[in-house]
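Each residue of the sequence shown is one higher than the last, beginning at 20 in my numbering. C-beta: ideal position from N, C-alpha, C; glycine also. Each remark here refers to the structure printed beneath this line.
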Amino acid sequence: MEEIRTQVAIVGAGPAGLLLGQLLSREGIDTVVLEQRSREYVERRVRAGVIEFGIANLIEEAGAGERMRREGLVHHGVEFRFDRQSHRIPLSELADGRSITVYGQQEVVKDLVALRVKSGAPLLFDSDVTSLGDLTDNRAFVDATGPAGPVRVWCDFVAGCDGSFGASHRALPSDVVRRHERTYPFSWLGILAEAPPATEELIYGRHERGFVLYSMRSPTVSRLYLGVSPHDSLDQWPDERIWEEIGLRLATDEQPEVVRGPILDRGITAMRSIVIEPMRHGRLFLAGDAAHIVPPTGAKGMNLALADVRVLFAAMRAHFLGEGDALLDAYSATCLERVWRAEEFSNYMTQMLHPVVGDGFENGVQLARLRQAARTREASTVLARNYVDLNSL
Ligand code: RFL
Ligand code: PHB
Numbered sequence: 020m021e022e023i024r025t026q027v028a029i030v031g032a033g034p035a036g037l038l039l040g041q042l043l044s045r046e047g048i049d050t051v052v053l054e055q056r057s058r059e060y061v062e063r064r065v066r067a068g069v070i071e072f073g074i075a076n077l078i079e080e081a082g083a084g085e086r087m088r089r090e091g092l093v094h095h096g097v098e099f100r101f102d103r104q105s106h107r108i109p110l111s112e113l114a115d116g117r118s119i120t121v122y123g124q125q126e127v128v129k130d131l132v133a134l135r136v137k138s139g140a141p142l143l144f145d146s147d148v149t150s151l152g153d154l155t156d157n158r159a160f161v162d163a164t165g166p167a168g169p170v171r172v173w174c175d176f177v178a179g180c181d182g183s184f185g186a187s188h189r190a191l192p193s194d195v196v197r198r199h200e201r202t203y204p205f206s207w208l209g210i211l212a213e214a215p216p217a218t219e220e221l222i223y224g225r226h227e228r229g230f231v232l233y234s235m236r237s238p239t240v241s242r243l244y245l246g247v248s249p250h251d252s253l254d255q256w257p258d259e260r261i262w263e264e265i266g267l268r269l270a271t272d273e274q275p276e277v278v279r280g281p282i283l284d285r286g287i288t289a290m291r292s293i294v295i296e297p298m299r300h301g302r303l304f305l306a307g308d309a310a311h312i313v314p315p316t317g318a319k320g321m322n323l324a325l326a327d328v329r330v331l332f333a334a335m336r337a338h339f340l341g342e343g344d345a346l347l348d349a350y351s352a353t354c355l356e357r358v359w360r361a362e363e364f365s366n367y368m369t370q371m372l373h374p375v376v377g378d379g380f381e382n383g384v385q386l387a388r389l390r391q392a393a394r395t396r397e398a399s400t401v402l403a404r405n406y407v408d409l410n411s412l
């Protein structure tokens with residue numbers, strides 16, 4: 020077995036693992052990133068698109084923001100559409116001038132991978148981490164199966180950034196860990212289409228036929244989502260049905276038609292909320308989706324993952340500079356406070372925008388909530404501040 024020694028073993032090359040690697044490398048701290056999939060796969064995986072104000076700044080401070088600042092779309096408002104009417108929420112006006120940046124998660128990943136490859140810091144693709152060990156001893160290890168056979172990485176700390184299906188969170192002993200979970204009775208069908216966005220800002224729509232979200236990636240590429248049954252599969256949704264349904268759910272009295280185009284990517288995602296407590300066990304620190312999942316309605320998943328990394332980086336930096344472990348000791352509690360706030364916001368957005376067939380009471384409450392969010396300055400201010408920068412409230 021090949022053995023490697025490093026300061027921090029990072030499991031997973033998603034946004035969380037890659038940003039942590041980038042920040043630590045800049046401080047001269049040694050890291051090894053292990054990723055189960057290939058470089059092509061992680062760079063092509065289409066997911067999130069909305070970056071919070073403070074998180075865009077973090078990406079820039081890490082030296083990874085050059086293309087995001089150039090190509091990302093800065094939005095100052097978002098639209099809510101219900102009762103066949105549009106209601107704009109002026110995000111920047113309500114949130115002290117802050118804005119969101121629409122820039123694909125896989126672009127963030129590409130930028131970070133390119134920086135790491137250029138720096139020569141180890142980034143092992145096609146390396147599946149199978150177990151973590153000695154987490155409460157003087158040093159820990161991570162075992163992986165790489166392209167050339169088994170690898171063991173010895174380290175001071177393990178950063179578990181391998182998402183909800185990864186190996187890291189399973190290494191928390193069952194008598195230590197608490198897992199809180201909610202599954203919602205709908206999924207999102209997401210498409211990426213080669214079609215110019217018909218509007219400048221994102222549209223969250225609630226129609227009696229279901230949820231719809233109009234987002235984008237560039238002036239020529241749209242990203243759209245439909246709320247569907249959790250039992251639906253992609254073969255039930257041919258292109259024509261998808262476009263027709265989007266058109267029906269977005270229809271208003273005065274808005275232009277949705278612009279159609281070839282579908283470049285499609286997928287169905289279940290809607291779940293998960294929180295794992297604590298986010299630390301001995302030398303293992305969980306960050307991002309490995310520790311928590313939010314339904315995508317609040318656009319918080321990647322932002323939350325990167326917010327964890329900001330805290331973890333500062334704590335590890337202090338440790339390696341000999342400034343003590345107070346920040347490491349506070350890591351889990353510090354993150355969980357924000358995690359629960361994001362869970363609350365994502366749950367609020369989800370339950371306001373997804374009608375439940377046959378439940379007149381639930382639907383009445385949802386619409387009342389939505390009207391309040393769109394029409395009262397107090398409610399839209401709270402929504403805007405949570406959406407643009409969760410840390411600003
Ligand atoms: P990732 O991105 O899942 O990365 C984990 C990495 O770990 C690898 N891995 C392993 N590597 C080695 N050994 C193992 N045993 C491993 N097991 C797994 C995986 O291959 C992967 O490369 O987690 P990370 O870094 O925590 O990032 C989290 C985000 O990806 C996620 O929260 C967001 O995509 C959620 N999300 C959104 N977040 C936002 O902030 N804004 C949005 O607008 C937004 N929209 C979305 C979303 C997620 C969606 N889906 C598909 C779930 C829209 C959708 C549809
Ligand atoms: C996206 O553009 O992919 C996106 C936007 C807003 C969300 C979720 C996803 O709430």
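| task | On a CA-only basis, which of 20, 229 and 106 is nearest residue 377? Give me that one, please. | result | As a first step, residue 377 must be located in the sequence shown, where it is residue number 358. Answer by Cα proximity: 229.
| query | For residue 317, which of helix, strand or coil comes out of DSSP? | reply | Within the sequence shown, residue 317 is the residue found at index 298, counting from 1. If DSSP states are grouped into helix, strand and coil, residue 317 belongs with the helices.
| said: Just to confirm the assignment: which complete alpha helix (DSSP H) runs, minimum length 4, are found wholly within the region 339-408? | reply: 345-372, 379-394 and 396-407
| said: What I want to know is whether the C-beta of residue 316 ends up closer than 7 angstroms to one or more non-hydrogen atoms of the ligand PHB. | reply: Position 297 of the sequence shown holds residue 316. Checking every heavy atom of the ligand PHB against the Cβ of residue 316, one is found closer than 7 angstroms.
| query | Name the DSSP bridge partner or partners of residue 247? | reply | Stepping through the sequence shown from its first residue, residue 247 is reached at position 228. Answer is 206, bridged to residue 247.
| request: Could you pull out every unbroken beta strand (DSSP E) segment of at least 3 residues lying fully inside the region 100-175, listed in chain order? | output: 104-108, 119-121, 147-152, 159-165 and 168-174
| Straight-line Cα distance separating residue 236 from residue 257 | As a first step, residue 257 must be located in the sequence shown, where it is residue number 238. As a first step, residue 236 must be located in the sequence shown, where it is residue number 217. Their Cα atoms are separated by approximately 22 angstroms.
| request: In the DSSP assignment, find the beta strand (DSSP E) that holds residue 86 and state where it starts and stops. | output: Taking the first residue of the sequence shown as position 1, residue 86 is located at position 67. Taken as a continuous stretch (DSSP letters only), residue 86 belongs to no beta strand (DSSP E), being part of the alpha helix (DSSP H) at 85-90.
| task | Pull up the distance between the alpha-carbon of residue 212 and that of residue 68, whole angstroms please. | result | The residue labelled residue 212 in the question sits at position 193 within the sequence shown. The residue labelled residue 68 in the question sits at position 49 within the sequence shown. Each residue's Cα considered, the two are about 14 angstroms apart.
| Going straight from the alpha carbon of residue 216 to that of residue 261, what length do you get? | Within the sequence shown, numbered from 1, the residue matching residue 216 stands at position 197. Within the sequence shown, numbered from 1, the residue matching residue 261 stands at position 242. If you take the alpha carbons of residue 216 and residue 261, they lie about 16 angstroms apart.
| said: At a threshold of 7 angstroms, does residue 25 count as lining the ligand RFL (C-beta to nearest heavy atom)? | reply: The sequence position of residue 25 within the sequence shown is 6, counting from 1. Not under cutoff, so the answer is no.
| request: Taking only the alpha-carbon atoms, compute the straight-line gap between residue 177 and residue 75 and give it to the nearest angstrom. | output: Along the sequence shown, read from residue 1 onward, the residue named residue 177 stands at position 158. Along the sequence shown, read from residue 1 onward, the residue named residue 75 stands at position 56. If you take the alpha carbons of residue 177 and residue 75, they lie about 25 angstroms apart.
| request: Kindly identify the DSSP beta-bridge partner or partners of residue 284. | output: Working through the sequence shown from its first residue, we reach residue 284 at position 265. 211, per the DSSP bridge assignment.
| message | I need the DSSP call for residue 229, collapsed to helix, strand or coil. | response | Numbered from its first residue, the sequence shown carries residue 229 at position 210. Residue 229 falls in the strand class under three-state DSSP.
| Does DSSP put residue 39 in a helix, in a strand, or in coil? | Within the sequence shown, residue 39 is the residue found at index 20, counting from 1. In this structure, residue 39 counts as helix in the three-state DSSP scheme.
| said: Helix, strand or coil, according to DSSP, for residue 276 in the structure here? | reply: Residue numbering aside, residue 276 sits at position 257 when the sequence shown is read from its first letter. Residue state, collapsed to three classes: coil.
| task | Going by DSSP, name the residue or residues bridged to residue 237. | result | The sequence position of residue 237 within the sequence shown is 218, counting from 1. For residue 237, which the question treats as bridged, DSSP gives the partners 240.
| field | 8 angstroms contact criterion, which residue 205 and residue 169 should meet: CB distance rounded | value | Translated into positions along the sequence shown, residue 205 becomes position 186. Translated into positions along the sequence shown, residue 169 becomes position 150. Contact doesn't hold; Cβ gap of about 42 angstroms is too wide.
| Tell me, which residues are paired with residue 418 by DSSP? | Outside the shown range of the chain, which is 20 to 412, sits residue 418, and nothing can be said about it.
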